[in-house]
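Notes for the one structure printed next.
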Amino acid sequence: MNATSFSLLMTGVMLNAGAQLLLKAGTNSVGVFEFSRDNIVPIGWKIATEPHIVSGLACYVISVVVWIMALSRVEVSVAYPLLSVGYVVNAIAAWYLFGEALTPVRLAGIGVIIVGVCLVTRS
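Residue numbers (numbering that gives the first Met the number 0): 0 to 122.
Here you go:
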């Protein structure tokens, strides 16, 4: 795998991870909700106009374009497992940004993911 391919893959992964974090920030802002016949319009509008959610969706759109570019250069059996790097990024960022737990078991899982990604990229 060359540097361009790897850069495209990691850009796609980071955009996808960033989208998740932005969506979480947006839902934190909106609060807990349920869609019902009575509130679908006001809640839908609140979600559609929440800046973090809009930004997260934009990151998803861009990540799809970047991911398609990456897939044109790399085998999907190599590219797809690299998406798991997003789990690592999100776990650490969620701990830092949102105060989510980073337990020893989660850290062990992160370690397993990192080892797996290293093995896949070397294959």
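Idealized CB from N, CA, C, for every residue including glycine.
Coarse secondary structure for residue i, derived from DSSP in three states
{"i": "alanine 92", "result": "helix"}
{"i": "phenylalanine 5", "result": "helix"}
{"i": "phenylalanine 32", "result": "coil"}
{"i": "valine 116", "result": "helix"}
{"i": "asparagine 38", "result": "coil"}
{"i": "glycine 85", "result": "helix"}
{"i": "leucine 14", "result": "helix"}
Close Cβ partners of residue i (< 7 Å) along its chain, the five nearest in sequence each way excluded
{"i": "leucine 96", "result": "Leu20"}
{"i": "alanine 90", "result": "Leu101, Arg105, Ile109"}
Between the CA atoms of residue j and residue i - distance to the nearest angstrom
{"i": "arginine 105", "j": "lysine 23", "result": "19 Å"}
{"i": "alanine 2", "j": "isoleucine 42", "result": "44 Å"}
{"i": "arginine 36", "j": "valine 12", "result": "36 Å"}
{"i": "leucine 7", "j": "serine 122", "result": "18 Å"}
{"i": "glycine 85", "j": "valine 116", "result": "11 Å"}
CB-CB length for residue i against residue j, believed under 8 Å
{"i": "asparagine 15", "j": "leucine 82", "result": "7 Å"}
{"i": "isoleucine 52", "j": "glycine 25", "result": "4 Å"}
Close-in-space but distant-in-sequence residues of the same chain around residue i (CB under 8 Å, 5 per side omitted)
{"i": "asparagine 38", "result": "Phe32"}
Cβ neighbours of residue i in the same chain (closer than 6 Å, five flanking residues each side left out)
{"i": "arginine 72", "result": "Ser4"}
Residue i vs residue j beta-carbon contact at 7 Å
{"i": "alanine 18", "j": "glycine 55", "result": "yes"}
{"i": "valine 111", "j": "proline 80", "result": "no"}
{"i": "valine 65", "j": "threonine 10", "result": "yes"}
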